[in-house]
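There are 4 protein chains.
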Amino acid sequence: MAGNSFGQLFRITTFGESHGVAIGVIIDGCPAQLDIDMDFIQSELDKRKPGQSKITTQRKESDTVQILSGIFEGKSTGTPIALLIPNEDQRSKDYGHNVDVYRPSHADYVYDAKYGIRDHRGGGRSSARETAARVAAGAIAKLFLKQQGIEIFAHVTSVGTIEAPNLESNDLSALLNIREENIVRCADPATAHEMIEFIDSVRKDGDTVGGKISCVIKGCPAGLGEPVFDKLHADLGKAMLSINAVHGFEYGSGFAGSELRGSQHNDIPQPKAADSKVFKTTTNFAGGILGGISNGMDITFKVAFKPVATIMHNQQTINAAGEASEIKGKGRHDPCVVPRAVVIVEAMAALVLADQFLRNKVSTV
Amino acid sequence: MAGNSFGQLFRITTFGESHGVAIGVIIDGCPAQLDIDMDFIQSELDKRKPGQSKITTQRKESDTVQILSGIFEGKSTGTPIALLIPNEDQRSKDYGHNVDVYRPSHADYVYDAKYGIRDHRGGGRSSARETAARVAAGAIAKLFLKQQGIEIFAHVTSVGTIEAPNLESNDLSALLNIREENIVRCADPATAHEMIEFIDSVRKDGDTVGGKISCVIKGCPAGLGEPVFDKLHADLGKAMLSINAVHGFEYGSGFAGSELRGSQHNDIPQPKAADSKVFKTTTNFAGGILGGISNGMDITFKVAFKPVATIMHNQQTINAAGEASEIKGKGRHDPCVVPRAVVIVEAMAALVLADQFLRNKVSTV
Amino acid sequence: MAGNSFGQLFRITTFGESHGVAIGVIIDGCPAQLDIDMDFIQSELDKRKPGQSKITTQRKESDTVQILSGIFEGKSTGTPIALLIPNEDQRSKDYGHNVDVYRPSHADYVYDAKYGIRDHRGGGRSSARETAARVAAGAIAKLFLKQQGIEIFAHVTSVGTIEAPNLESNDLSALLNIREENIVRCADPATAHEMIEFIDSVRKDGDTVGGKISCVIKGCPAGLGEPVFDKLHADLGKAMLSINAVHGFEYGSGFAGSELRGSQHNDIPQPKAADSKVFKTTTNFAGGILGGISNGMDITFKVAFKPVATIMHNQQTINAAGEASEIKGKGRHDPCVVPRAVVIVEAMAALVLADQFLRNKVSTV
Amino acid sequence: MAGNSFGQLFRITTFGESHGVAIGVIIDGCPAQLDIDMDFIQSELDKRKPGQSKITTQRKESDTVQILSGIFEGKSTGTPIALLIPNEDQRSKDYGHNVDVYRPSHADYVYDAKYGIRDHRGGGRSSARETAARVAAGAIAKLFLKQQGIEIFAHVTSVGTIEAPNLESNDLSALLNIREENIVRCADPATAHEMIEFIDSVRKDGDTVGGKISCVIKGCPAGLGEPVFDKLHADLGKAMLSINAVHGFEYGSGFAGSELRGSQHNDIPQPKAADSKVFKTTTNFAGGILGGISNGMDITFKVAFKPVATIMHNQQTINAAGEASEIKGKGRHDPCVVPRAVVIVEAMAALVLADQFLRNKVSTV
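Residue numbers (our numbering), protein chains in the order written: chain P, 1 to 365; chain Z, 1001 to 1365; chain V, 2001 to 2365; chain E, 3001 to 3365.
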């Protein structure tokens, strides 16, 4: 109950601190007989790892994942899958200046308030480094979902006030290729270029900036999601809000939908073609989810990230005694978190979907 | 795991369908020795009950709550508290026309897809009637929190495109009085008047409209929230997204925060006064939560509700066979859900806070 | 987490005190489309209800079960099933003498120690009356299991030092008929007669006596049970030990097995007949469970019940102040709990099996 | 839900197979600020490790525990504690003969039946090697309990039909010293000698034998245990039954208690001395637990272990096709499991107590 587990049937528990020996994750509940593609898992981690471009932190971590258990001759066995990612470039001494000073908008103070003790090296457990474990577990969830025909695609749709236009394509593989051709991971090349220029200028200012990530899930069958508390979008929302720096979540019509009338917002069901198993509506304000349960349409949601709190400016703050203090701008951090967070969003979505997929298997006799 | 429970230590399980015998809730984990004020619980239910004004549904339910267990001589005993709310004005025959037709943007189709069977009377389990049980349980959570000095206040801050100005007052009791003086539950009287006029005109059009509710929590100590998945705002987000018709959640700076730079967004800690136990910051973009843990500042969040799907217009749709069909506009429903949802938002927030309060009690030796 | 729920996927939460308004249970996770035979549920409750014979308590309760939710037109809908059993013959005043005195070997003192408050009427929550709710839920689990071909049969195999001989029959229906022909619920008529005479004499002495119940489960497929903590026999053991007055649990060879050698205890697998799907062994010391997982053989276990603590003798004790006191022998209680507990043992076994059956559905891709 | 976690608030998740890279455990919920004595943890593992005497398996494992997270400068931080124990002496090739043959009374067949895939090397996940992870976690639970004044002591009280006399001493440290002076871990030296001789003779026969372990817990305050399903003895029973080879559990009067009358079995409370906080009874048939809640008296229970299934005799069996086969007697295994299981019993008891201790902290306002 201490909050380091996520999911009910496809359940993960992560562990590890930013500057400890290693981080890792246990997946308990991955069904047996799943083919485990280690190269895919590593490629997912590579999309999140630090140091991958000029607009990410320069901390160097190879983020090489090791399997400790649960996989035998390339397949899941139904027993817990333990994945380990050693920490390499720890440079804990960089953080000596944080021991007694509370960095503005970081979790330093609240960890002290909660636990009376704090691993101050690089944020300890509150560091976004923990999300590497999620990406590794999410990659296995993706492998499971792929087998079910479910695909997840996220990309950066805003940085600061720069917004990407809406995507038209239904071909997620094509979009993925476009996205991976630029370092900001926006599937619109022109906007991507603008975003990269902007982040780079922010970085040169020693500052940071927020952004948004949009996600679409295709191929999800109708029926996933559990009334009344574990609605599919409620689980997705919690998953996204649990990612470092996220301040908002909306699905389907989202906040804008609150301005509409029912006669505008209702999605009108279309008669099914004889050969179709799928329910379709003319519009998709519902974001593929009605009453908390997937309806077979594309699932769409958006996630808002605040700007990273670590900036290269000196800032006023307080120390553990509550006295005025100043913090120097130094360390290695991202000017904008969204390019690396795209794969985290996908991973958490995959974990939710895999969990709800399994839960739905016991809905009927 | 079937999704009808919420919370870990202060845990509720709700049951009941819109047009069944009764709805209700079991609270398992309410600490012993809490004074239970039944009048308060009933007064909370009265704020949610149907038929309370011209801008709510005309279904008549007294929503009188009965205690079945867990309370002895006015105090909680530590055993499960069972609360029952009988259904009175069921008029199931009003829903005969729904048996075989899927109402647009309702959960009819997805329940059939998931379970292969559906209680079609008024939405069955998918009806927002279930939230009465949440309000009853939330009232007990509020009694617990009040004892800890924690207060929760929500009100309607937008209807359609009508937005209320930001509130300045720190006196939640005063705001509550203002809010309860108008039927839309907006704490700004001028905006409230405008909202009521608008909802009434929408109702006369046979239409519905969405809106937003803002919530502030005062007196919350630092330390509530569990890293890394059960962050306080992640639990709040899930709680809110589990409420019928909610399409978005943001806390603190929210979506707007994604447009800012770190140098703008960081909340600068202020030196503590000698007699203060409280951490204060100049600004509160964090919404009172850092790293998923409360920091002692006001907790602020906002919830977006889509327009109610039931409208008094005829609509195209399909039947269970997937064939084109038409649905007539009739039944009894709310033109705008937010006035009655204010107390639901507060109830769910109270349940999250009570749960995290208890969880925090075991954080240290 | 407060301990009033049992099961993961087929999950029950019970509520209610001995002398409150009602007791009841919520089943969350019963699969949809199950035919619910209300007469069967009531007939199970009738086997547990008080006042059914001269060797049970004379408290009169019809134990009539009411459905509040989750069942529509005779079938489960996948939503929570709420079952209510009103208390009728409460006679709380019989318990006025317990307010301040701790009855020997009852839970009075420990409830005070734990909660600082206690519903002293007839044991409150610690009363075995709570098990009626389990029997109602267990009856639904049995209906689910029956559909899967799984049958559960328990009967009284000892009272005091009177032991029944081992059963030979494989026909559980026949055994059930024999069992129900006598009021002690032993499937060996001669032993049953002896047990009844003995319990009646104990009753006349104003005393009570313990006993044992044996249970066999037939038709269970191989594969139920989850390594490593939720082994099938570990869940069965917890289920049985959670029943009032149970002091011991063993399965298969049990305690006697600890005296054997491996060469005696190993069950030798037999070659499968061409048309058989079932694994068979020459002996069944394993009790149908290997490594915590069912192997397709009969599952066998035994449960030991202590004598009921309420006796019709005056006893020395202490009051809430810790001072010497005396308690008078009065009230209405069972001289021996096992005849009424047979159906409770079966109900809890059914709940474990139903839960593990559902859990096993997600073991493989 | 896949069964590899135990406990609610002090919660462990174990992972790893007998012949994989490593085994390990995550503890989620260990309170912050606990002093972690690594030498103690290692010393506990040393009591379980293989190869420690002539009456244990000759597999050689140093069982050196590594900390991956959750401990900073010698103290728990409130974040997940990950402990890793690498596998060293794997000799997987010894198990090549098991690939296609089901060893009698092993879990080979049921893992195939459940998962359709099996890590056949040395039992894979079903191996008792997994219990090393429990011992490591249990050692931390013991450190927590020691701080609360709670002590746990188990020892071997029977091997085959050799039974140790009842212990009289109240000094658990003294008993521990006596116990650790002999390799069978019986606190009665004369019986220990007899047991060792017997096990050695059984070993020379290529056979194995079962036994029993008794446990006493001193210093437990009144109030631990949660009605109605998570009774303290129900959790202890599940914990013990989840240990490999356990076939029975009883507490207090146990099975023998079922033969007694209430007038014999009731424990009579004694008036409290003015300076005592403790409830005492003349006898302790209750085993320190009433209504599932500790009453402050010694908690006592007993666990029965079947003989190890691996024997050095050739045995008839079947292969995966269901055909008759023979299995050769070879490999490295214990002639009797109880000497090494003593510390496992203590570890699981510690995990239950630590969990219930934390749960009790939220019982009252």
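Glycine included, C-beta positions come from ideal geometry on N, C-alpha and C.
Cutoff 8 Å: residue i Cβ touching any chain E Cβ
i: Phe2249/V; result: yes
i: Met1001/Z; result: yes
i: Pro189/P; result: no
Residues that residue i contacts on chain P, provided the C-beta gap is smaller than 9 Å
i: Lys2361/V; result: Leu358, Lys361 and Val362
i: Gln2147/V; result: Val365
Alpha carbon of residue i to alpha carbon of residue j, nearest angstrom
i: Lys2328/V; j: Thr2208/V; result: 15 Å
i: Glu2017/V; j: Lys2272/V; result: 52 Å
i: Gly3257/E; j: Pro86/P; result: 54 Å
i: Phe3367/E; j: Lys3280/E; result: Since the first and last residues shown for chain E are 3001 and 3365, residue 3367/E lies out of range.
i: Asn2166/V; j: Pro3269/E; result: 39 Å
i: Ala3239/E; j: Leu3353/E; result: 11 Å
i: Val2065/V; j: Pro2307/V; result: 29 Å
i: Ser325/P; j: Thr317/P; result: 5 Å
i: Pro1142/Z; j: Leu1034/Z; result: A small fix is needed here, since residue 1142/Z is Lys in this sequence, not Pro. For Lys1142/Z and Leu1034/Z, the distance between alpha carbons rounds to 11 Å.
i: Val2099/V; j: Ile71/P; result: 59 Å
i: Glu3323/E; j: Cys215/P; result: 53 Å
i: Val3343/E; j: Gly1248/Z; result: 52 Å
Neighbour flag for residue i against chain V, beta carbons, 8 Å
i: Leu3260/E; result: yes
i: Glu1226/Z; result: no
i: Pro3271/E; result: yes
i: Leu3045/E; result: no
i: Phe3198/E; result: no
Residues that residue i contacts on chain E, provided the C-beta gap is smaller than 8 Å
i: Val21/P; result: Gln3066, Ile3067, Leu3068 and Ser3069
8 Å Cβ cut-off: residues of chain P touching residue i
i: Leu2353/V; result: Per Cβ cutoff of 8 Å: no residues; Leu2353/V is ~14 Å from chain P at best.
i: Ile3026/E; result: Asn4, Thr13, Phe15 and Ile26
Within chain Z, the residues that residue i reaches when beta carbons sit closer than 7 Å
i: Ala309/P; result: Gly1262 and Asn1266
i: Asp233/P; result: At residue 233/P the sequence reads His, which differs from the Asp that was named. The contacting residues are Leu1241.
Proximity test, Cβ basis, 8 Å: residue i and chain P
i: Ala3032/E; result: yes
i: Asp1275/Z; result: no
i: Phe1984/V; result: With chain V running from 2001 to 2365 in the structure shown, residue 1984/V is simply not present.
i: Lys1060/Z; result: no
Contacts that residue i makes with chain E (C-beta to C-beta distance below 7 Å)
i: Asn2295/V; result: Tyr3109 and Val3110
Cutoff 8 Å: residue i Cβ touching any chain Z Cβ
i: Gly2029/V; result: yes
i: Arg332/P; result: no
Residues that residue i contacts on chain V, provided the C-beta gap is smaller than 9 Å
i: Ala3113/E; result: Pro2221, Ala2222, Gly2223, Phe2279, Ile2293, Ser2294, Asn2295 and Gly2296
Neighbour list for residue i in chain Z, Cβ cutoff strictly below 8 Å
i: His313/P; result: Ser1263
i: Gly3078/E; result: Ser1363 and Thr1364
Neighbour list for residue i in chain V, Cβ cutoff strictly below 7 Å
i: Leu9/P; result: Val2362
Neighbour list for residue i in chain C, Cβ cutoff strictly below 9 Å
i: Lys3075/E; result: Looking at the structure shown, chain C is missing, and the protein chains on hand are P, Z, V and E.
### Query
Touch check for the stretch 2102 to 2115 of chain V and the stretch 3293 to 3310 of chain E: three-plus C-beta pairs under 8 Å?
yes
### Query
Does the stretch 2073 to 2083 of chain V come close enough to the stretch 2152 to 2162 of chain V that 3 or more CB-CB pairs lie under 8 Å?
no
### Query
Should the stretch 2037 to 2051 of chain V be called in touch with the stretch 3009 to 3026 of chain E, which here means at least 3 C-beta pairs below 8 Å?
no
### Message
Within 8 Å, do at least three Cβ pairs link the stretch 348 to 359 of chain P to the stretch 222 to 232 of chain P?
### Response
yes
### Message
Under 8 Å, with one C-beta from each stretch per pair, do the stretch 3005 to 3016 of chain E and the stretch 3025 to 3034 of chain E reach the 3-pair mark?
### Response
yes
#### Entry: Segment contact, 8 Å Cβ cut-off, at least three pairs: the stretch 331 to 342 of chain P with the stretch 181 to 197 of chain P
yes
### Query
Is the stretch 250 to 266 of chain P touching the stretch 283 to 294 of chain P in the sense that three or more CB pairs, one from each, lie closer than 8 Å?
yes
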